[in-house]
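For reference, the structure is listed below as structure tokens.
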Amino acid sequence: MLLLAYANLFLVFLGVGLVIPVLPLLKAEMQLSGTTMGLMVAIFAFAQLVVSPFAGRASDRWGRKPMIVLGLCLFSISEFLFGWAQSVSWFYVSRLIGGASAACIMPSVTAYVADLTTLRERSKAMGYVSAAISGGFIIGPGIGGLLAVFGTRVPFFAAGVVAFLGFVVTLVFLKEVPKDEQVERTMEEQAKGEQGILNVLFHPLFFGFFVVILISSFGLQAFESIYSIMASWNFGFTTTDISLIIMFSGSFALVAQLFFFHRIVEAIGEIRLIQWTFFISAIFIIVISLTKQHWLVILSTFVVFLAFDLFRPAVTSYLSHNAGDNQGVVNGLNSTFTSVGNILGPIVAGALFDVNPVSPYYIAGVILFVTGLVSLRLKRKPANN
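Per the numbering used here, the sequence shown runs over residues 974 to 1358.
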């Protein structure tokens, strides 16, 4: 069941990765502005923001499988609709549906994995979750670049097919985990019981973390959401170049997540790892903004994407370790605060890109560095956790 859960994430992000290399082509074909491209990402995040708390709560109450199945179905619909759309308004509708699908899938899959793992296994399992995501990103852009030869919209239809296959496989084979069959929790986890959303939100172990997630998501998305467009415009990278950069970056990240993430967490802990990823990514984003050397841009991109891909499972692992019986609520709130940053980051980055194509790098780098400073005040979990 864990392998099937990982496979779901792999298929979804394979679908997401398929379309990344063709975004610059779509922008040129439809004569879209950077602001419009940023809004497409922001609308996705807005829908995820609205739906995530309810999806997480529903996952705790009604089970993980129904929400995962619903999310895969919505994701398939959104990709087919995006491939068919001929106007900006329909692109926006597609992104709204896609955001709702992400809100259903991510918290539920994360909670499902937590249901089947012990605390000792948790960080390794969350590393595999992130590795499944990275695996999709590794293969997706390469396939998307090849499919784009047959038409700009072909990768979107391919993503819809991939998501529909995931929907069918999950509906048929994934088994729900009853409460009495979930792995044994520690006494502290059991004592937490099921808490309301506000109680979880303002818990001392979570509140500061959610604030950092909000700020960092803004910075991450200011860089990541329109990376392919900025790389094409600023450095003249082709669709093939962008595909190869993302594939190789994802390969490094996948190796790190599979073989080193668990060891790094055991050595320095999730919080220290998160702090390092902020400072490292900020430094190398600024390097990208200041150089014209293609080899240095590529190297810095590798480092930045690796930092991003270590940051995300570290956050998920920390929250999951402390969530107790509120896995769905905590992961839903994680998705919510991530979505707020994801809304603002692409809008600001897109608007800044229209003014100065390099300025989103500066903003992202500064914000991530400031977030690193803020993260120095995060509380570490008690040793007995």
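Positions of the beta carbon are idealized from the N, C-alpha and C atoms, including for glycine. Since the model is a prediction, treat every value here as computed from it, not as a measurement.
Quick one: using the 10 Å Cβ neighbour count with 16 as the cut-off for buried, is I1241 buried or exposed?
-> exposed
To which residues of the same chain is G915 closer than 6 Å at the C-beta, ignoring the five residues directly before and after it?
-> Lying outside 974 to 1358, the shown extent of the chain, residue 915 is not represented and no answer is given.
Does the separation of the CB atoms of L1069 and V1313 fall below 8 Å?
-> no
With distances taken from CA atoms, which of A1001, T1090, V1184 and Y1101 is nearest L1231?
-> Y1101
Residue from S1049, A1337 and F1180 with nearest C-alpha to L1306 | F1180
Using three-state DSSP, classify R1126 as helix, strand or coil.
-> coil
Exposed or buried, G1223, counting other C-beta atoms within 10 Å across all chains shown (16 or more means buried)?
-> buried
For my contact list, P943 and S1006 are in at a C-beta cut-off of 8 Å; report their separation, rounded to the angstrom.
-> Since the first residue of the chain shown is 974 and the last is 1358, residue 943 is not available in this structure.
Between the stretch 1342–1351 and the stretch 1054–1073, are three or more C-beta pairs nearer than 8 Å?
-> no
Determine whether the Cβ of F1130 lies closer than 8 Å to any Cβ atom of chain C.
-> Absent from the structure: chain C. Only one protein chain is present.
May I have the straight-line CA-CA distance separating S1049 from L977, to the nearest angstrom?
-> 18 Å
Helix or strand or just coil, what does DSSP make of F1210?
-> coil
Given that a residue counts as buried once 16 or more other Cβ atoms are within 10 Å of its Cβ, and exposed if not, what is L1171?
-> exposed
Helix, strand or coil for H1176, going by three-state DSSP, please let me know.
-> coil
At what residues does the alpha helix (DSSP H) containing Q1248 begin and finish?
-> F1234 to L1263
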